[in-house]
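Protein chains in written order, with our numbering: chain A, 2 to 155; chain B, -2 to 729; chain C, 665 to 878.
Cβ atoms here follow ideal geometry from the backbone N, Cα and C, with glycine treated the same way.
Have a look at the structure below, then the notes.
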Amino acid sequence: MATYKLNVNGKSREVSVDPSTPLLWVLREELKMTGTKYGCGISACGACTVHLAGIATRSCVVPVSMIGDRPIVTIEGVGQDPVGQVVQNAWIEKDVVQCGYCQSGQIMSAVALLKATSKPTETNIEESMGGNLCRCATYVRIREAIKSASQQLT
Amino acid sequence: MRTALKVEKDRHLDRRSFLRVSAAASGGLLVSLYLDLPASAEVGNQAPPPRVYPPDAFVHIRPDGKIVIQVNRLEFGQGVQTALPMILADEMDADWSQVIPELAPAADVYKDPVFGIQMVGGSGSIAHSFQQYRELGAKTRAMLVAAAVDRWHVSPEQCRTEASVVYGPGGKSARYGELAKDAARKPVPEKVSLKNPSEFRLIGKRIRRLDSAAKCDGSQKFGLDLDLPLMKIAVVAHPPVFGGRVKSVDDKDARSIPGVREVFEIPLVKGTGVAVVADKFWAAKQARDRLKIDWDLAGVELPDSSQLWTKYKELARTTGNVAMARGDEKAMDRVPPAKRIVAEYEFPYLAHTPMEPLNTTIRFDGDRAEAWVPSQFQTLDQMAIAQELGLKPEQVTFHTEFAGGGFGRRAVIDSHVQREAALIAKRLRGTPVKLIWTREDDVRGGYYRPMHAHRVEIGIGSDGMPAAWRHVIVGQSLVAGTPFAAMMIKNGVDNTVVEGAADTSYNIANFHVSAHHPTVNVPVLWWRSVGATHTAFVMETLVDELATRAKVDPIVYRRKLLKADAKKLRNALDLMDEKSAAWRTKLPRGHAVGIASHECFGTGVACAVQVSIENKRPRIHRATVALDCGIAVNPLTIESQFQAGLGFGLTQLVAKGAITLKDGRVEQRNFDGYAPPYMIDVPVNVDVHIVPSTEPPTGCGEPPVPVISPAVVNALAKLTGKRYRTLPLASI
Amino acid sequence: MLESQRLLGRVVLFALVVSVTLVAMLARGAAKFGEAKTSAIDTKVAEGLAAWQQVYSVLTSPRCINCHTATNYPQQGDDRHRHFANIIRGPEGQGVPALNCVSCHQESNSDSTGVPGGLNWHLAPLSMRWQDLNDQPLSSAAVCRAVTDRSRNENMDGRALLKHHEEAALVLWAWSPGRRPDGTMRSLPPLTHAGFVEATRRWVEAGTPCPKAR
């Protein structure tokens, strides 16, 4: 067990956990922030995506010991960000979700994409969202929502 | 206007005429057939209520005007948590902005009116509860009006309702919230008038889902997100081969992980396993990784995909148990060999892999228990938990938790996950335990869409139409050996294996379908759209091949071959034809169009896809899909279901779309080896068109799935001249 | 007359034999003289080429070549299969926004989750591709040309290449690649790192010779 100070959604949080514990489980079980989802545990589905120092990161494979002082933003906090809010609203406007389980990760990836590329092409969207699995396969509406958000980010 | 609700007595009855199930003292399940079809229910005025439900079990009007509506089945993406309240609120004239849906716990009153158990399956959520929720809404409205009538001393005819307000003569008005207390004292009317469809205010409107916001900001709790005071986390080490048993276990290293509380052997539905209970998931998982288990596989069958294929193909060359025999069995003999097509198909095992891994939380308190389950089968899961704990079902308070997908995987007859959870909870009496199946458990854990081999011989008539059709299907039964078998297996044929072929909508005069159901040591299960996952692929690729040989447009050919009474399918084909005509006629070079259509769960679906080949894989640029599902309760949700359901249907076409076994072991482990469609694998655009209808609503959850795969390979066939009969699709 | 003719014939034959032998002897002497002059260089080149073959065996081992693809994706595993989850090369070899290499690969291996890591985990540039578009390793000659071409190798001369093999973090990673997700150790290149550096040194000292393309 070791103690770590984490900066989560702008707040300082302290946890005592085994250093090998992935950030995902620290968020879900120690900090009770369950918006970040467990889908595969091997970074193949993207349901656990958070932003780590601004980089979309698969929290299921990153041990807490490797976080350091890099700030973490999760689905619970991304709405504080102007781009995050636009994306969340676009998701609701376009009625994207079905079961909804993957959508935290989809939104976190979409926000990272739009922050880097405010006017993404279809190819940009396919490549950047390419690792986020949606078993309901709501991809058509995810595309629409990203394009809609992009239009609002002029 | 009055529209009779038709009850299909033939093709879907088998799965709809479910069961009444109860726990047997001696162990096992007691099952009795429960047929309670609302046979003469009618849409429109004077509908006789087939059953009486107490409205207070479904509707709670709070003094502040909020209206809490109970949803009698699981929400796992299909949108019932919005659509069922829409139906009730429409007849109730409730203010939609005040409606709060809740997922109902397990209780008799929430059983599916047709199936007789509380469940989601057979695409029946709206089809079965449409009438029920309309009546509940109308009765609630009548009681509110009665309260206003008393207050104002007027007649009901002088009152009208709109947006949670009763309006009376002379400008009188009262909000539902004010009337609720008085209304609750009114008798529940036995008969109520239902709206004429032209009076619907919510039904038929594109209404956004009520669960969107919570699913976009992380606040929606799914079963896996449940957190209870003092809760522990459990994982189970399952045998490497189905039915394997623990011979010995060295748990020294596992127990050395901080936070690990218990390590013990438990019986499984098949074989035995080792449960690890810890404070947190990561400790439990690390401990499980460190277990050294010696497995006893003596006498356990070791299934092997390549050996199974050999066996299946041999079987497919012999006639099986007859599912359908129509016309002249000798008709084939009169067709010259040059005019025959012989086609062999292979379909692998498929895992459902819902995004939310399987889980169940239970606390056992000795004389009662509480369970939290994302369940498609509340009634059966509640009974299984009760049975393992030595309780009666009513002693188990059963909460329905939101589920991250399911596609059939949470509708398991033997409730194996819940049984594991119950056995662990029993040991930890008084402490809530959440059992988590990791993704690896899920991918390797069985309960797959079965492997199938099809062999079809077609004799082509001089008019280019099929003159004779002999079809053999080989695949495990989904229900053999379960309490469902008595109802669903007839003449040795499991209907879920042959549906979509034996009951084809095509008019083939000399038609013979038979089936073999080998027994294999791999648990199998219904997988969204069930038999149609493979039968529609076979039928639609062969009909396409016939059209090509006859040099007839594939849509025209299908129209010609359809039975006269395949009205919904014909409507869907016509609408798809109309809506896709513009793009189908001007395709870029290297692109081709593929067509497929299929009716299942009462809904006719037709689709056209535009396909090219990129990186040796099909690239699907667009799809136009049309459907006839009767009244479209929420066209927005239906559009979304069909757009995405096509994507789900591509699971069997993608490169890593197969579960295979070698020496009894499943070769895939996680989404690295078994990868369902990602964004790049599905159509870029899908436009959905709904045939206008006043017929009763039919299913929309499963019907999107079967059409896309055959449509795509039909397009590929145009590009390459080859036919694709082995799935998953190899590199082109 | 007959006798004299016969004699003449013998004399001519003798002269012919002598002259042929003489020429042959002279020629052999000349060759020996040349060999003495070039043997040191040839030996060095041959040794350099042999050393290169050892270097090549490392470069084309999965731990190295998996990130030296010609395609728009990296590979993984000893069978060098395409990286799962549609990972894309991206314009800088670092993935694309929201799906960067560092979305998973941290600065060191994560043995508890089986994800390898190293400083600035990324794909080698396409100029340094060591495979063809069908994911087959390029020939020894072709890889050697790529590695030694200063217009393609970030202007590294032999000494710089040696230093790169000695010190670069992602090169060193190949000898401590961590655990796979199933807990087993990843396989190592065919030489030790010391052996690899020594082979590189011999190759560099030989003037970084490359095998002739066939």
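Note on A/Gly11: under 16 other CB atoms within 10 angstroms of its CB, so exposed under the neighbour-count rule.
Look at C/Met849 here: in three-state DSSP terms it is strand. Put simply, of B/Ala603, B/Val679 and B/Val163 the residue whose alpha carbon is nearest the alpha carbon of B/Gly62 is B/Val163.
B/Met140 is bridged by DSSP to nothing; it lacks a bridge partner. For A/Ala3, the enclosing beta strand (DSSP E) begins and ends at Ala3 to Val9. Its chain contains Thr50, Met109, Ser110 and Ala113 as the residues whose beta carbon lies nearer than 7 Å to that of A/Ala57, once the 5 sequence neighbours on both sides are disregarded; these appear in chain order. Excluding the 5 residues flanking it on each side, B/Leu312 has same chain C-beta neighbours closer than 6 Å at Val471 and His513, in chain order. Taking 8 Å as the upper bound for CB-CB distance, B/Trp292 and B/Pro236 are in contact here, some 6 Å apart. Closer than 8 Å to the CB of C/Gly842 there is not a single CB belonging to chain B. For B/Gly456, the enclosing beta strand (DSSP E) begins and ends at His449 to Ile457. Within the stretch 183 to 270 of chain B, the runs of alpha helix (DSSP H) that reach at least 4 residues and sit entirely inside it are, in chain order, 209 to 213 and 249 to 252. The shortest C-alpha to C-alpha distance from B/Pro694 to any of B/Ala714, B/Pro480, B/Gly627 and B/Arg666 is the one to B/Gly627. Counting only Cβ-Cβ distances below 8 Å, C/Asn764 has contacts in chain A at Ile56 and Ala57, in chain order.
With fewer than 16 neighbouring CB atoms inside 10 Å of its own CB, B/His150 falls in the exposed class. In chain order, Gly47, Gly106, Gln107 and Ser110 place their CB closer than 6 Å to the CB of A/Asn133, counting only its own chain and leaving out the 5 sequence neighbours on each side. Contact annotation: C/Gly847 and B/Asp439 have beta-carbon atoms that are not nearer than 8 Å.
Taking a contact as a CB-CB distance under 8 Å, the pair C/Val766 and C/Gly822 does not count as one, their CB atoms being some 31 Å apart. Linking B/Val535 to B/Phe219 through their CA atoms gives a straight-line distance of about 37 Å. Nearest CB-CB separation between B/Ile97 and chain A: not below the 8 Å threshold. By the 16-neighbour rule on beta-carbons within 10 angstroms, B/Ser122 is buried. With a minimum length of 4 residues, the unbroken runs of alpha helix (DSSP H) contained wholly in the stretch 817 to 851 of chain C fall at 822 to 831 and 833 to 837.
Within the model, the alpha-carbon separation for B/Ala103 versus B/Met116 is close to 10 Å. Between the stretch 414 to 424 of chain B and the stretch 203 to 219 of chain B, the count of Cβ pairs shorter than 8 Å is below three; the stretches do not touch. In this structure, the alpha-carbon of B/Gly670 lies about 21 Å from that of B/Glu611. In this structure, B/Ala281 and B/Ala231 form a Cβ contact; the two beta carbons are roughly 6 Å apart against a cut-off of 8 Å. Runs of the beta strand (DSSP E) spanning 3 or more residues and lying entirely within the stretch 480 to 515 of chain B occur at 508 to 513, in chain order. Chain-order list of chain B residues neighbouring C/Gly847: Asp286, by C-beta distance under 7 Å. Secondary structure at B/Phe534: helix, using DSSP grouped into helix, strand and coil. Within a 10 Å sphere around the beta-carbon of B/Ser126 sit 16 or more other beta-carbons, which makes this residue buried. Bounds of the beta strand (DSSP E) holding B/Met321 are Asn318 to Arg323. Residue pairing by DSSP places B/Tyr445 opposite B/Val521 in a beta bridge. Excluding five sequence positions before and after B/Asp362, the CB atoms of its chain that fall closer than 8 Å to its own CB belong to Arg426 and Gly427, given in chain order.
At a cut-off of 8 Å, the C-beta of C/Phe748 has a neighbouring C-beta in chain A. The beta carbons of B/Leu294 and B/Gly241 sit closer together than 8 Å. For A/Tyr5, the closest Cβ of chain B is not nearer than 8 Å. Counted as a single uninterrupted DSSP element, the alpha helix (DSSP H) harbouring C/His857 occupies residues His857 to Glu869.
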